[in-house]
Amino acid sequence: MKLREVLQLIEGKVLTRNTDLDLEVRMGCGADLMSDVLAFTHEGTLLMSGLTNPQVVRTAEMAGIQAIVFVRGKLPPPETIALAEEKGIALLASKYTMFETCGRLYRAGLPSCGLFESSLKRWREFFGEE
Amino acid sequence: MVSTPLATQQKREITRLQELVYELRVRDAMTTRVITVTPRTTMAEFREVLRANRISGTPVVDEGRMVGIISIEDLIKALAAGELHATVGEKMTPRPMTLYDDEPLVHAVSKFSSLGYGRFPVINRQGDLVGILVQGDIVRALLRQLEVEYHEEEVRRYRASHIFEDILADQVTLRFRYQVTGGDFERAGEASSRLKKTLSRLGIHPRIVRRVAIAAYEAEMNIVIYTDGGELIAEVDPKRVYMLAVDHGPGILDIQKAMEPGFSTAPDWVREMGFGAGMGLPNIQNCTDEMRLESTVGVGTRLEMVVYLDASGQS
């Protein structure tokens, strides 16, 4: 899904300059815990977050995430935008909640990041599944 | 849904091109050797000037001052009217639109498209004529700059990725050392960011780079959150990336507990920033092939991490 389409679906705004709206995102992840972002995403993921500090951009950089949507109408401080522009990461804003922002994109066909072996292992151990 | 690497590359170049239009100045693109005529030059002489220099227009200068501009269109009109004996002064456009030499190139681009002129004389802030700009100059300047930048990054990447082949030794290990400042959330992640870029330049597979970067970042954040500072050291050889995150902080009381997903001793302000959820160390374990954590309370913590380069690179 192109960022252009994402923007339409969430009725969002672009926060960074020189944003390439033809950028393809392959899946989506909604998280406010940065370690979860690092653990449960793949390269090319679109991140939805309610956190707006510069570390969200750092985290995205490490995880190979090229675009972030800030939900619940939250707007990032200038440091966050400056760092994102330096790293070539697109920042978008959505006035909708995390649930609705993710829901609009999921309904339009943007898949999730899927299941991860690390969490499945704990799941199987706890519930005694094979 | 998946874009090809080539398309992504092209998009990046186009974005860079847009940036360059803002970064480059008019003087970076203009022609400095300006051919001029005077108001007393006849249209017949003007035709010879155009032909001899293979240009399509010139500024008109009288006693050092620019008084107008004249182009091939004015010549064609004069030819049609049989007025080749007329002077440039009679046929020129007086007081032409100009560009300043220190204006960003993007101003020139918008003036070309909004006014439809073929050329602009360029003046400095003192009003002296210092150059002339046609649309082709802009394209040429952008391509030249892109080529220079592309070449620089290529050279860096080439140099770095061939370093193991070019160095003659039985064993080569590259060692990178980064300082991490405790409590400095502003700059937290810079060490990992620089390491990530370095590894990419070395030509290491992107999936491996991602695993190393995530492990390094979690380790760096731990140093920033819990200690007064420390170091991140990375050693790269053709087989593996070895990392050591070391600090002289308070130490970890119960390592086994610290390794449990969800266990955390982070203060609230750290949690508010999206960290300290007790997933850092388990994340590092997932991203690395080997991990060794040693800690003594009151002395410090040593975290060793290894990622093998020949692995499939799964995350």
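Those protein sequences? They're chains A and B, same order as listed.
Using the working numbering, read the first sequence as starting at 34 and increasing by one per residue.
Using the working numbering, read the second sequence as starting at 45 and increasing by one per residue.
Note that beta-carbon positions come from the ideal geometry of N, C-alpha and C, so glycine has one too.
- Under a criterion of Cβ atoms nearer than 8 Å, no residue of chain B is adjacent to residue 123/A; the nearest Cβ is some 10 Å distant.
- Contact note: residue 108/B does not reach chain A at a C-beta cutoff of 7 Å; the least C-beta distance is about 42 Å.
- At a C-beta separation below 8 Å, residue 261/B has these neighbours in chain A: 71, 91, 92 and 95.
- Looking at the DSSP output, residue 113/B shares a beta bridge with 103/B and 137/B.
- Under the criterion of beta carbons closer than 8 Å, residue 295/B and residue 343/B qualify as touching, at roughly 6 Å.
- Residue pairing of residue 291/B in beta bridges, as defined by DSSP: 274/B and 345/B.
- With fewer than 16 other beta carbons inside 10 angstroms of its own, residue 41/A counts as exposed.
- Contact of residue 66/A with chain B is assigned, a C-beta pair being separated by under 8 Å.
- Contact between residue 90/B and residue 113/B fails: their C-beta atoms lie close to 12 Å from each other, not under 8 Å.
- When DSSP reads this structure, residue 220/B sits in a beta bridge with 278/B.
- Within chain B, the residues 229, 232, 233, 265, 317, 318 and 319 have their CB atoms less than 9 Å from the CB of residue 88/A, given in chain order.
- Nearest to residue 75/A by alpha-carbon distance, out of 162/A, 144/A, 161/A and 153/A, is 144/A.
- No Cβ-Cβ contact shorter than 8 Å links residue 100/A with residue 66/A.
- Per DSSP, the unbroken beta strand (DSSP E) holding residue 334/B starts and ends at 334-340.
- Contact between the segment 212-226 of chain B and the segment 263-281 of chain B is established, with three or more Cβ pairs separated by less than 8 Å.
- Linking residue 187/B to residue 169/B through their CA atoms gives a straight-line distance of about 27 Å.
- Secondary structure at residue 76/A: coil, using DSSP grouped into helix, strand and coil.
- Nearest to residue 332/B by C-alpha distance, out of 211/B, 199/B, 252/B and 96/B, is 252/B.
- Assignment of residue 268/B by DSSP, reduced to helix, strand and coil, places it in the helix class.
- Contact check for residue 84/A against residue 306/B fails: the beta carbons are separated by 8 Å or more.
- Going by DSSP, residue 163/B is part of the beta strand (DSSP E) stretching over 163-167.
- For residue 137/A, no Cβ of chain B is located within less than 8 Å of the residue's own Cβ.
- In the assembly as shown, residue 299/B is an exposed residue. Its beta-carbon has fewer than 16 other beta-carbons within 10 Å.
- Along the segment 113-129 of chain B, none of the residues has a CB nearer than 9 Å to a CB of chain A.
- Among the residues facing chain A, residue 87/B is not included, as its CB has no counterpart in that chain under 8 Å away.
- CA-CA distance, residue 52/A to residue 69/A, rounds to 26 Å.
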